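Heads up, the thing below is written out as structure tokens.
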Amino acid sequence: MMDERIDISLDRIHNCIQEINKSEFTTAEVIRKYFGRFCSNIGTPAIYSFNAQFGALLKRNATRLGITEIASSESIQDDHGHNTSTSRWQLIPNNKSLEREEPVLM
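Numbering-wise (my numbering), the sequence shown opens with residue 21 and increments by one.
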């Protein structure tokens, strides 16, 4: 059986970060902006967690997105009130490193 994939647009992530319009933001806020909601993956190991994989994608592409991680494992609640954790990011001022690209694989 072949593994499937999900395509995620870095351009769209970049636009979501810009729309959040804050110098600091969380992975959860980006997910919420990108997908319309943020739900935790209760009881799911990080290797299978969509949210953790999305955070890893942000980390791998931080330079291209013009962001840097300033905190990890910050306690928050998802949109259903479940406790979970997220990373906090900061915009790198005047960063213009994101170029138009094909969607990245997640």
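Virtual Cβ for every residue (Gly too), placed ideally from N, Cα, C.
Model, not experiment: these values are computed from the prediction.
When the beta-carbon positions are compared, Ser95 and Ser107 stay at least 8 Å from each other. As computed with DSSP, Glu94 is found in a beta bridge with Thr106. Taking a 10 Å sphere around the C-beta of Asn103, we find fewer than 16 other C-beta atoms and assign the residue as exposed.
Around the beta-carbon of Ala48, 16 or more other beta-carbon atoms lie within 10 Å, marking it buried. Rounded to the nearest angstrom, the gap between the Cα atoms of Cys59 and Thr46 is 14 Å.
In this structure, Ile62 and Ile87 do not form a Cβ contact; the two beta carbons are roughly 27 Å apart against a cut-off of 8 Å. In the structure shown, Phe70 adopts helical secondary structure according to DSSP, grouped into three states. Taking Asp27 as reference, the option from Leu77, Asp98, Ser69 with the minimal CA-CA separation is Leu77. Thr83 and Tyr54 have their C-alpha atoms spaced approximately 19 Å apart.
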